[in-house]
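Worksheet: the structure to be examined is printed underneath.
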Amino acid sequence: MQKITEIFSHPILKKFDNELLKIFDNAPHLPKKVIEILTKVAPYLLLISGVFLISNGLRSLFGFNRFYQVFALFGQVSTVYFYILGVLQIIAGLISLMAYQPLKNRQAAGWYMLLALSMLELLMNLLSVIFLGSGIFGLLLGLLISLYLLYELRSVYVTVVSATKKIKNSKK
């Protein structure tokens with residue numbers, strides 16, 4: 012499990028985080044009370060979404076035939092879409108479940124898992140644009156809102172980790 016969580020502290024993800032931080036640092040900030048509520052609720056929302064993502068992913072992989080027939084009435088949708096989407100949903104669900112404990116303990120690893128989930132969400136939405144022809148405006152708006160909320164919560168997790176590292180470094 013430790014090696015899996017190390018993926019979310021990869022230097023590429025941290026560099027990407029620093030670039031996004033420059034963008035969202037100047038955005039208007041939410042009140043501290045709202046941030047505290049979101050911080051308390053986020054782990055539980057991830058547990059619920061993780062279960063739903065995994066079940067939807069399994070349905071896309073193994074039960075797509077009936078579901079695909081509905082889409083066939085409206086136009087041709089490749090079965091490849093359902094397979095790719097199913098795998099990505101299962102991965103997103105597993106990341107959501109893994110992020111529960113780090114988020115509950117207010118660890119930076121949990122926040123980086125949320126950032127990775129946002130990028131995975133972007134990929135799934137891009138697939139729907141490509142295969143289903145859905146609109147890109149909704150994709151961009153959803154991504155913007157998701158990243159804004161994510162960067163509003165960032166200070167809670169990064170501060171806790173920084174304080175913990177300072178305490179460990181002072182003991183050495």
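Going by this note's numbering, the first residue of the sequence shown is number 12, and it counts up by one from there.
Ideal Cβ positions, reconstructed from N, Cα and C, are used throughout, including at glycine.
Query	Result
Would you decide whether Tyr162 is buried or exposed? Buried here means 16 or more other CB atoms lie within 10 Å of its CB.	buried
Out of curiosity, what's the CA-to-CA distance linking Phe63 and Gly104?	7 Å
Is the beta carbon of Leu57 less than 8 Å from the beta carbon of Ala110?	yes
Quick one, are the C-beta atoms of Ile106 and Leu128 less than 8 Å apart?	yes
Run through DSSP, which three-state label would Leu143 get?	helix
State the start and end residues of the unbroken alpha helix (DSSP H) segment that holds Asp28.	22-35
Give me the Cβ distance between Gly97 and Ser66, rounded to the nearest whole Å; I'm assuming they're in contact under 8 Å.	With a Cβ gap of about 11 Å, Gly97 and Ser66 do not count as contacting.
Return helix, strand or coil for Arg70, following the three-state DSSP convention.	helix
Go ahead and pull the three-state DSSP assignment for Ile178.	Because Ile178 carries a pLDDT of 45, less than 50, the predicted location of this residue cannot be relied on, and no value is offered for it.
Cα separation between Val45 and Gln87?	44 Å
Check each candidate in Lys51, Ile34, Glu30 and name the one with the smallest Cα separation from Pro113.	Lys51
Tell me the DSSP secondary structure of Asn116 in three-state form.	coil
DSSP on Lys125, reduced to helix/strand/coil?	First, the residue type needs correcting, since residue 125 is Leu and not Lys in the sequence shown. In the structure shown, Leu125 sits in a helix (DSSP, three-state: H, G or I).
Considering only residues of the same chain and omitting the five flanking positions on each side of Leu154, which have a CB-CB separation below 6 Å?	Leu133
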